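A short write-up of the structure that comes next.
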Amino acid sequence: MDAYTKAEVEFYCDNPNTIARECLKVDSFFAMIPEDGKNQFEIITRYADIENTISTLQKLKEIILKNGGILRAMPFVDQPPSSFQVTFFLKNNDSVNMFNTKKFLMNAIGGLCRSVSSDILHFAPSVNSYYRIVRGGMHVPKHISWSNSSCRSAMIRIKKTPVIALEHRLSGCDVVFSNVINKIIDAAIQGIKNEYNPPNQCFFPNSFFSEKYTRLPLSLTEALKLVARKKHSY
1 MDAYTKAEVE
11 FYCDNPNTIA
21 RECLKVDSFF
31 AMIPEDGKNQ
41 FEIITRYADI
51 ENTISTLQKL
61 KEIILKNGGI
71 LRAMPFVDQP
81 PSSFQVTFFL
91 KNNDSVNMFN
101 TKKFLMNAIG
111 GLCRSVSSDI
121 LHFAPSVNSY
131 YRIVRGGMHV
141 PKHISWSNSS
151 CRSAMIRIKK
161 TPVIALEHRL
171 SGCDVVFSNV
181 INKIIDAAIQ
191 GIKNEYNPPN
201 QCFFPNSFFS
211 EKYTRLPLSL
221 TEALKLVARK
231 KHSY
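Per the UniProt record's numbering, the very first residue in the sequence shown carries number 1; after that it's consecutive.
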């Protein structure tokens, strides 16, 4: 299987024009747009293979930090959090998108949901990461959940344009980008190979409020205990 990924990185900065100009020189950079917070922006990359995406993200991170940008999951108590979202699809040996087949799509979601218990410290590595989960509002996942709608509080969303793909929404921007991408792709592939079934689909606003979905850890201490149990997440 070959994976193709794109990423969205949110951050805060005081000099967006300088950052945008430098980002234009980076392969696979697509756009930089304003976000909801004051002086908050989002950088979007184009679809590319994993190595290209990781290389692009590293260069973009260096540009952001060099120019005084803030890459923290919840840098301000009175402003929106900053996320790192990965959208991806898998191609088989015939270069066909495997997510065109519903079974493979569902199994990949199953793998992603099961992986939270083992991989949460890659997706939320710091105390500040959990401030984002707790205080981040309805657009930050609170449960292990998935949706094929516009439900922004779901952890996994099915995207249908320009190709059928999965969007992983758990991580804040304070992660090691390469680790997150590799963990996501590996979890999806393991889900397909082992035919893991996902939990029931969520429908807004259930993914934000309902206790029928497994809750994500709300602190680093809780996350460490989850990893130590070595039990899948739902």
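Beta carbons are placed, not taken as given, at the ideal position from N, Cα and C, and that holds for glycine. The structure displayed is predicted, hence computed values, not measured ones.
Next item on the list: Go ahead and pull the three-state DSSP assignment for M32.
Entry: As a working note, residue 32 is residue 32 in the sequence shown. Collapsing the DSSP output to three states places M32 in a strand.
Next item on the list: Report the residue ranges of all alpha helix (DSSP H) runs contained in full by the region 131–206; include only those spanning at least 4 residues, in chain order.
Entry: Within the region 131–206, the runs of alpha helix (DSSP H) at least 4 residues long that lie entirely inside it are, in chain order, 177–194.
Notebook entry, point to check: Can the beta-carbon of S226 be found closer than 8 Å to that of I156?
Noted result: For the purposes of this step, residue 226 is identified with residue 226 of the sequence shown, where counting begins at 1. For the purposes of this step, residue 156 is identified with residue 156 of the sequence shown, where counting begins at 1. Per the sequence shown, residue 226 should be read as Leu rather than Ser. Contact: no.
Check: Between Y131, H168, L112, which lies nearest to D186 when the distance is taken from Cα to Cα?
Finding: Along the sequence shown, read from residue 1 onward, the residue named residue 186 stands at position 186. Among Y131, H168, L112, the Cα nearest to that of D186 is on L112.
Margin query: According to DSSP, residue 261 sits in a beta bridge with which residue or residues?
Written below: Beyond the ends of the chain as shown, which are 1 and 234, falls residue 261; an answer cannot be given.
Next item on the list: Assuming L60 and V86 form a contact by the criterion Cβ under 8 Å, report the distance between their Cβ atoms to the nearest whole angstrom.
Entry: The residue you call residue 60 lines up with position 60 of the sequence shown. The residue you call residue 86 lines up with position 86 of the sequence shown. Contact between L60 and V86 fails: their C-beta atoms lie close to 14 Å from each other, not under 8 Å.
Next item on the list: Would you grab the beta carbon distance between I64 and L71 for me? Rounded to a whole angstrom, and I think it's under 8 Å.
Entry: Numbered from its first residue, the sequence shown carries residue 64 at position 64. Numbered from its first residue, the sequence shown carries residue 71 at position 71. Contact between I64 and L71 holds, since their C-beta atoms are separated by about 6 Å, short of 8 Å.
Notebook entry, point to check: Between which two residues does the alpha helix (DSSP H) harbouring T87 extend?
Noted result: Translated into positions along the sequence shown, residue 87 becomes position 87. Counted as a single uninterrupted DSSP element, the stretch harbouring T87 is not any alpha helix (DSSP H) but the beta strand (DSSP E) occupying residues 84–91.
Next item on the list: Would you give the residue range spanned by the alpha helix (DSSP H) that K66 belongs to?
Entry: One-based indexing of the sequence shown puts residue 66 at position 66. First-last of the alpha helix (DSSP H) with K66: 50–66.
Margin query: Taking only three categories from DSSP, how would you classify A228?
Written below: One-based indexing of the sequence shown puts residue 228 at position 228. A228 falls in the helix class under three-state DSSP.
Notebook entry, point to check: Going straight from the alpha carbon of N107 to that of V175, what length do you get?
Noted result: One-based indexing of the sequence shown puts residue 107 at position 107. One-based indexing of the sequence shown puts residue 175 at position 175. C-alpha separation (whole angstroms): 25 Å.
Checklist line | Helix, strand or coil at P217 according to DSSP, with G and I counted as helix | finding: Here residue 217 corresponds to residue number 217 of the sequence shown, with the count starting at 1. Look at P217 here: in three-state DSSP terms it is coil, with no helix or strand label.
Margin query: Quick check on D119: does DSSP put it in helix, strand or coil?
Written below: Here residue 119 refers to the residue found at position 119 when the sequence shown is read from its first residue. Of the three classes helix, strand and coil, the one that applies to D119 here is helix, per DSSP.
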